[in-house]
């Protein structure tokens with residue numbers, strides 16, 4: 009009995025040690041998501057140019073990917089690129105077309121090159137339409153009063169006096185009257201002279 013009891017205690021101790029040591033190894037055995045942009049459950053007002061994710065282990069680019077779907081489940085972007093010069097733990101997905109307002113789900117798949125294990129997960133973000141800038145009414149420039157133009161005085165043209173009309177008709181009538189009177193006087197004189205001559209004979 010005395011010999012078996014230490015053996016059992018040793019077995020229990022060994023089992024507990026394996027559990028304690030193995031648990032962190034199991035947890036760290038996947039390329040888990042460490043950071044993401046846009047942040048999980050965040051609200052943004054401008055469509056992001058790309059989705060950026062960093063993981064806890066180096067990624068296998070051929071087996072790791074990002075998929076973006078809208079609220080209706082339609083996939084709007086899919087792919088993912090790992091740049092070895094930047095970091096084997098960073099994966100990017102460029103968004104060629106700006107996103108419309110709404111809620112989006114980002115599904116990621118990572119494959120670790122350190123332990124050849126795959127992991128999956130999702131994040132979400134909401135894009136709201138940016139409020140338009142307030143419309144500023146244009147300020148009209150102050151009106152400049154135009155100087156009043158002087159009204160030109162009406163020009164007075166000198167009146168031309170009418171040329172005196174020649175009383176041609178009146179003069180002619182007067183001459184005729186004078187001639188008639190002269191002839192009458194001459195006739196009367198001749199008549200008187202004839203009468204006297206007759207009486208003398």
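In the numbering used here, the protein residues as written are 9 to 209.
Idealized CB from N, CA, C, for every residue including glycine.
Proximal residues to residue i (C-beta, below 8 Å), its chain only, five neighbours per side dropped
i: residue 48; result: 131, 132 and 133
i: residue 110; result: 78, 79, 134 and 135
i: residue 205; result: none
Residue i at chain B interface by Cβ criterion, 8 Å
i: residue 107; result: Reference to chain B is not applicable here, since this structure consists of a single protein chain.
Beta-carbon proximity list for residue i, same chain, < 6 Å, skipping 5 on both sides
i: residue 73; result: 88 and 117
i: residue 129; result: 41 and 116
i: residue 121; result: 66 and 68
i: residue 44; result: 61 and 131
Environment of residue i [buried if 16+ CB atoms lie within 10 Å]
i: residue 192; result: exposed
i: residue 101; result: buried
i: residue 79; result: exposed
i: residue 90; result: buried
i: residue 46; result: buried
i: residue 239; result: Residue 239 lies beyond the residue range present for the chain, which begins at 9 and ends at 209; the question has no answer from this structure.
i: residue 148; result: exposed
i: residue 24; result: Low local confidence applies: a pLDDT of 44 at residue 24 is under 50, so the model's placement there is unreliable, with the coordinate-based value given in what follows. That one is exposed.
Distance cut-off 7 Å: residue i Cβ against heavy atoms of the ligand COA
i: residue 123; result: In the structure on display, the ligand COA does not appear, and there are no ligands present to speak of.
Option in the options with minimal Cα separation from residue i
i: residue 135; options: 204, 196, 185 and 113; result: 113
i: residue 137; options: 184, 76, 106 and 190; result: 106
i: residue 104; options: 127, 76 and 81; result: 76
i: residue 55; options: 70, 108 and 99; result: 108
i: residue 126; options: 202, 148, 64 and 194; result: 64
Neighbourhood of residue i by C-beta distance below 7 Å, restricted to the same chain and skipping five residues each side
i: residue 27; result: At residue 27, the pLDDT of 45 sits below 50, so the modelled position is not reliable and the matter cannot be decided from this model.
| task | Please confirm if the segment 91-101 is in contact with the segment 49-57, defined as three or more CB-CB distances below 8 Å between the two stretches. | result | no
| message | Taking 8 Å as the cut-off, does the segment 80-87 touch the segment 60-70 (at least 3 CB pairs, one atom from each stretch)? | response | no
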